[in-house]
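Accompanying notes for the structure given below.
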Amino acid sequence: MTSLIMIFGATGDLAHRKLFPSLYRLFERGRLNKYAVIGVARRSMSNDDFQQSVKDSVLAALGNKDNLDEFASHFYYQSHDVADSSSYAELNKLAHEIDENYQLEGNRIFYLAMAPEFFGPIALHLKSDGLTNVKGYKRLVIEKPFGHDLESAKELNKQIRTAFSEEEVYRIDHYLGKEMVRNIEVIRFANAIFEPLWNNRYISNIQITSSETLGVEERGRYYETSGALRDMLQNHMMQMVALLAMEPPIKLTTDEIRSEKVRVFRSLRTVVGDEVNDYFVRGQYGEGMMADKSVPAYRDEQMVDKESNTETFVAGKVMIDNFRWAGVPFYIRTGKRMAAKSTKIVVQFKDIPMNLYYQTEKMLNPNLLVIHIQPEEGITLHLNAKKAGGHLDAQEVKLSFANTGINAMNTPEGYEKLLYDCMRGDATNFTHWDEVAYSWAFVDKISEVWEGTKAEFPNYASGSMGPQAAEELLEKDGFFWWPVTDLDVDNCK
Ligand code: NAD
3 MTSLIMIFGA
13 TGDLAHRKLF
23 PSLYRLFERG
33 RLNKYAVIGV
43 ARRSMSNDDF
53 QQSVKDSVLA
63 ALGNKDNLDE
73 FASHFYYQSH
83 DVADSSSYAE
93 LNKLAHEIDE
103 NYQLEGNRIF
113 YLAMAPEFFG
123 PIALHLKSDG
133 LTNVKGYKRL
143 VIEKPFGHDL
153 ESAKELNKQI
163 RTAFSEEEVY
173 RIDHYLGKEM
183 VRNIEVIRFA
193 NAIFEPLWNN
203 RYISNIQITS
213 SETLGVEERG
223 RYYETSGALR
233 DMLQNHMMQM
243 VALLAMEPPI
253 KLTTDEIRSE
263 KVRVFRSLRT
273 VVGDEVNDYF
283 VRGQYGEGMM
293 ADKSVPAYRD
303 EQMVDKESNT
313 ETFVAGKVMI
323 DNFRWAGVPF
333 YIRTGKRMAA
343 KSTKIVVQFK
353 DIPMNLYYQT
363 EKMLNPNLLV
373 IHIQPEEGIT
383 LHLNAKKAGG
393 HLDAQEVKLS
403 FANTGINAMN
413 TPEGYEKLLY
423 DCMRGDATNF
433 THWDEVAYSW
443 AFVDKISEVW
453 EGTKAEFPNY
463 ASGSMGPQAA
473 EELLEKDGFF
483 WWPVTDLDVD
493 NCK
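All residue numbers for the sequence shown refer to this note's numbering, where the first residue is 3 and numbers rise by one.
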């Protein structure tokens, strides 16, 4: 691939922890043919110091590498004021020189790894100060959050679209870089045993959990303006719902896949007003014990209001009112300071029409298909089979594929895949504006209700799986959350 990559926010956390190591991995795999990187950030720094910081970040993430000097020699640094046109003029001059030296064919990727309030102004400056005027391709990679609600997302989109066409905008949802999220499509559309069952005749409910053990850490200031609904549900959780629910695309092209995902968003049952609290539950962590250590309540974290109404947990029942999914709840939950770090999808199949084994030891277990997204990666299928030696007793057996060993060692990190996709011009695993807009419209109805009423927080202890109301959400439909740790690949042998 031939590109000049400009990283805005090159001294930040994301650049150091994710972007530099991911670029190195692409380099190591021979996927960067001709490349150069300009790191852009506020503070002044020499090229040498910047290259050292790039090497340090690769060392910390991947250990010592022989060709690090060669890799880092393609990195340049530019001290920059995002609001000042003369900074952009200097940047453009440097970009032209580097483009010429490395023969980068005028291809430019602008990666905005900065606070979201800068996204719009930077995009406008890139256009007005001539940086987007190139003979090769120009692409904008933009981090989350994309707006704060539908209104602000529209405004941001308007600013961005003055400089870049929709095809040139790569909105990152890093869940779409995860190996097993990308695998959802293959599991569904490449297996004759699943696709015929993938509908309301055979599936009783689908559960998606993304739980973290960490609290808000030092992100209190940002999180206070966001909360779990905006930080996790609007983007990552809804993307997983769309991938699970979409119709088979007629071809595996970006446009076809995206249009099927958009059709799912268009089929979402919008819940408004009083209904919101029937379908969605919010929570905020109180103090509690995590790994034998006591941890503070959210309201006692740094930069958090003592009376904060911000949710650190959300659970919901999402209904997709179309022919395939009518009547099948998609239960989603995500939260901080929960008992386990786990992202899993559980597809629960309906019971068979007549249970011949009912009279034996116990009732049959429902068939489950578990997709393990993180930290472990794999698939488990829960079946019933005859108990060895017994008469005709059935017992649960679990067929597991754990993506470990050779396969996992070669599994590229999410950001590596997304950067590579962007260089290749493949936007399939980035979110289209229509997906963003529909998803905000859905979430705005919930936040409107929650922001207007004070919640009784805290309502779950750190180290638990969330508030009691989240359990009741399923109980009233006759279901329960499958305990995520019991479903771990290691427990499924
Ligand atoms: P950060 O605060 O660590 O870094 C911000 C960067 O922006 C720094 O390089 C800083 O120098 C630069 N900057 C700030 N103000 C500037 C100005 N006026 N002019 C020029 N440069 C300026 O932030 P981060 O954690 O790296 O996050 C960046 C973006 O990525 C955010 O949108 C965040 O939501 C998103 N994100 C981060 C992570 C993560 O793991 N850190 C994960 C997902 C998304």
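Backbone N, C-alpha and C define an ideal beta-carbon position, used for all residues, glycine too.
Residue i CB to nearest heavy atom of the ligand SAM below 7 Å
i, result
"residue 44", "The ligand SAM is absent from the structure shown, which contains only the ligand NAD."
CB contact flag (residue i, residue j, <8 Å)
i, j, result
"residue 83", "residue 44", "yes"
"residue 287", "residue 462", "yes"
"residue 290", "residue 315", "no"
"residue 346", "residue 486", "yes"
"residue 239", "residue 266", "no"
"residue 467", "residue 341", "yes"
"residue 557", "residue 85", "The chain is shown only over 3 to 495; residue 557 falls outside these bounds and no answer can be derived."
"residue 36", "residue 105", "yes"
"residue 435", "residue 145", "no"
"residue 206", "residue 319", "no"
"residue 278", "residue 471", "no"
"residue 78", "residue 96", "yes"
"residue 420", "residue 431", "yes"
"residue 229", "residue 339", "no"
"residue 133", "residue 159", "no"
First and last residue of the uninterrupted beta strand (DSSP E) at residue i
i, result
"residue 206", "205-213"
"residue 43", "36-43"
"residue 288", "287-292"
"residue 173", "171-173"
"residue 79", "77-81"
"residue 295", "295-297"
"residue 224", "No beta strand (DSSP E) contains residue 224, which is instead part of the alpha helix (DSSP H) from 222-226."
"residue 398", "396-404"
"residue 122", "That residue, residue 122, is in no beta strand (DSSP E); its alpha helix (DSSP H) goes 121-130."
"residue 6", "4-10"
"residue 17", "Looking at the DSSP string, residue 17 is not in any beta strand (DSSP E), and its letter there is neither H nor E."
"residue 351", "344-351"
Same chain, Cβ closer than 8 Å to residue i, five either side skipped, listed in chain order
i, result
"residue 155", "148, 149, 438, 439, 442"
"residue 427", "139, 141"
"residue 408", "Confidence in residue 408 is poor, its pLDDT being 46 and thus under 50, which makes the residue's placement unreliable; the coordinate value appears in the next sentence. Hits under 8 Å: none found."
"residue 455", "none"
"residue 87", "127, 130, 131"
"residue 157", "122, 149"
Chain-order list of residues whose beta-carbon lies under 6 Å from that of residue i (same chain, five-residue window excluded)
i, result
"residue 19", "none"
"residue 329", "202"
"residue 204", "351, 352"
"residue 244", "263, 266"
"residue 260", "434"
"residue 494", "Low confidence applies to residue 494: its pLDDT is 48, below 50, so where it sits in the model is not reliable enough to give any reading."
"residue 222", "303, 304, 305, 306"
Extent of the continuous alpha helix (DSSP H) to which residue i belongs
i, result
"residue 90", "87-104"
"residue 419", "416-426"
"residue 176", "From DSSP, residue 176 is part of no alpha helix (DSSP H); its letter is neither H nor E."
"residue 2", "Residue 2 is absent from the structure shown; the chain starts at 3 and stops at 495."
"residue 111", "It is not in any alpha helix (DSSP H) - residue 111 instead sits in the beta strand (DSSP E) that spans 110-114."
"residue 240", "240-247"
Minimum Cβ-Cβ distance from residue i to chain B less than 8 Å
i, result
"residue 148", "No chain B is part of this structure, which consists of one protein chain only."
Sequence-distant residues of the same chain with beta carbon closer than 7 Å to residue i, five excluded per side
i, result
"residue 481", "207"
"residue 9", "17, 21, 39, 41, 42, 113, 115"
"residue 418", "24, 27, 28"
"residue 101", "6, 108"
"residue 57", "70, 74"
Checklist line | Inter-stretch contact (C-beta, 8 Å, three-pair minimum) for the stretch 322-338 and the stretch 222-236 | finding: yes
Checklist line | Cβ contact (3+ pairs, closer than 8 Å) linking the stretch 447-457 and the stretch 162-182 | finding: no
Next item on the list: Determine contact between the stretch 416-427 and the stretch 3-10, defined as no fewer than three beta-carbon pairs at a distance below 8 Å.
Entry: yes
Notebook entry, point to check: Does the stretch 372-385 come within contact of the stretch 180-192, defined as at least 3 CB pairs closer than 8 Å?
Noted result: yes
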